[in-house]
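For reference, the structure discussed in these notes is given below.
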Amino acid sequence: MENDETSIIHGIVTKDGLFDGTVITATDEIYIEPTARYSHLLHTNTVSVQDHHHYHHHTIAYRSSDVVIPSSALLRSCTSEHLIENNPSTFIQP
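Just so we're aligned: 30 in UniProt numbering is position 30 of the sequence shown, and the numbers increase by one with no gaps anywhere.
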């Protein structure tokens with residue numbers, strides 16, 4: 001951020017020219033993502049899931065404090081752990 005020397009901004013610019021990353025300040029963590037990532041939630045009869053250029057906004061930004069994680073999700077393991085368990089030969093072991 002302009003006057004915050006401790007802030008950190010990291011991410012990438014997508015092939016569509018959109019920023020996909022995180023802004024970390026002393027008091028906040030803000031995620032910035034293309035709305036196409038959530039197209040399955042935005043799908044309507046008039047907008048194709050693949051045609052994200054017709055959405056009103058191309059980017060979504062939200063604070064980590066705004067994210068609500070269902071308690072049932074805390075009991076499950078990470079999807080990447082299942083990938084490693086099911087096909088360990090495709091991953092490099094340390």
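Using N, Cα and C, we set each Cβ at its ideal position, and we do this for glycine too. The structure displayed is predicted, hence computed values, not measured ones.
- Taking 7 Å as the cut-off, the beta carbon of residue 24 is found closer than this to the beta carbon of residue 8.
- Taking the CA atoms as reference points, residue 63 sits about 22 Å from residue 17.
- Just so you know, the alpha carbons of residue 22 and residue 11 end up roughly 6 Å apart.
- For residue 10, the uninterrupted beta strand (DSSP E) run begins and ends at 8 to 13, by DSSP.
- DSSP places residue 59 in the strand class (E or B) of the three-state scheme.
- At the C-beta level, residue 60 and residue 35 come within 7 Å of one another.
- C-alpha of residue 38 to C-alpha of residue 58: approximately 11 Å in a straight line.
- One Cα belongs to residue 71, the other to residue 13, and the distance between them is close to 33 Å.
- Taken atom to atom, the span from the alpha-carbon of residue 65 to that of residue 6 is near 19 Å.
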